[in-house]
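Under the UniProt record's numbering, the residues of the sequence shown are numbered 1 to 82, in order. Structure record follows, encoded as structure tokens.
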Amino acid sequence: MDETSEPGSEQEQKRAALGHIKEAWAEAWADGIDGDCLAQASLFCALTELVSTYGEDATARFAEGLPKRIAAGEFSIVLSRQ
1 MDETSEPGSE QEQKRAALGH IKEAWAEAWA DGIDGDCLAQ ASLFCALTEL
51 VSTYGEDATA RFAEGLPKRI AAGEFSIVLS RQ
């Protein structure tokens with residue numbers, strides 16, 4: 001895929017979006033912004049976008065499911081040691 005084409009599938013779009021966010025995160029980190037501040041700002045941006053798109057009630061229902069997903073390790077990154 002060239003840089004001017006748009007990602008097609010939803011999975012491709014999610015992968016591309018994550019790449020952009022990781023780049024922005026790395027740039028902010030390099031500028032000395034604390035990881036906790038980055039995380040909170042990222043969550044704020046994500047939640048405001050979800051509220052804008054789906055409304056407060058749907059976003060609140062989505063957020064209610066986060067504790068189980070977090071506890072299940074869905075957001076944990078396992079680093080292998082060599």
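Beta carbons: idealized from backbone N, C-alpha and C, even for Gly. Remember, it's a predicted structure, so these values are computed and weren't measured experimentally.
Asked	Found
Taking the CB atoms as reference points, tell me whether Thr59 and Leu47 lie closer together than 8 angstroms.	yes
So Val51 is in the alpha helix (DSSP H); what residue range does that whole segment cover?	35-54
Would you check if the distance between the CB atom of Arg69 and the CB atom of Phe75 is smaller than 8 angstroms?	yes
Between Ile21 and Glu49, what straight-line distance do the alpha-carbon atoms span, to the nearest angstrom?	14 angstroms
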